[in-house]
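With the UniProt record's numbering, the residue at position 12 of the sequence shown is 12, and numbering never jumps. By construction, the Cβ of each residue, glycine as well, lies at the ideal position given by its N, Cα and C atoms. None of the values given here were measured: they were computed from a predicted structure.
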Amino acid sequence: MPKSPTKTRPKTVAALMSSARELFVERGYHATSISDICGHAGLTRGAFYSNYPSKEHLFLALYDTETDRVLEDLERAARDVTEAGAHPVARILEYLATHRRNDRQWFLVSMEFTLHAARHPELAAELAPHEDRLTTAMADLLTTLRPRLSPGDARDLAWLITALHEGTTAQELIHGAPATAFRARTVPRVVDTLATEMLGEDGKP
């Protein structure tokens with residue numbers, strides 16, 4: 001007896017997402033077609049369109065799974081913030097800098113899609129809430145770790161963390177060691193300055 005669409009759909013979705021991620025990382029977002037994704041997954045275009053209306057929507061679904069992984073990792077890393085003198089922003093930045101280096105290729109795909117969305121206002125409007133999930137969750141995490149942070153300050157710090165991580169990662173990919181040294185030398189000073197302003201002289205709760 002053939003399986004129902006309801007039972008096979010999760011496997012189809014998983015296969016499409018796995019295929020898309022692998023090809024996006026290997027070839028880039030624009031260089032990967034829907035036919036490429038389907039062929040690599042061993043599925044038909046009909047299977048694709050029964051789950052996603054476009055390649056953009058598949059990417060957004062994949063983007064959400066990547067965000068979930070980042071959030072799980074950040075929450076795990078933040079459990080160690082109780083060490084004396086540890087500042088949550090510095091700890092999160094340290095984690096992003098050292099523990100997600102293996103995701104540099106995904107970073108390139110993500111930036112490629114972001115630039116693509118920036119040229120298409122309707123797509124940018126669709127991408128924004130997906131990006132905002134990470135910012136909001138990071139702000140909530142910072143507020144939990146440092147209750148004295150106001151919601152506005154926590155959100156500003158979350159935006160800053162994202163901007164610093166993305167900007168310095170891009171610089172490292174182009175400039176290598178000098179950019180890595182810049183990141184190590186400068187980012188902590190930026191964080192310390194904001195910590196002083198938002199949390200008090202020592203940046204502690």
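- Assigned with DSSP and collapsed to three states, glycine 167 falls in helix.
- Where alanine 128 is concerned, the enclosing alpha helix (DSSP H) starts and stops at 121-145.
- When secondary structure is reduced to three states using DSSP, alanine 31 falls in the coil class, being assigned neither helix nor strand.
- Taking methionine 198 as reference, the option from Ile37, Pro151, Leu58, Arg133 with the minimal CA-CA separation is Pro151.
- Boundaries of the alpha helix (DSSP H) harbouring tyrosine 49: 45-49, taken from the DSSP string.
- Closest in alpha carbon position to arginine 148, among Thr196, Val25, Gln171, is Thr196.
- Around the beta carbon of isoleucine 161, 16 or more other beta carbons sit within 10 angstroms, so the residue counts as buried.
- The three-state secondary structure of serine 19, taken from DSSP, is helix.
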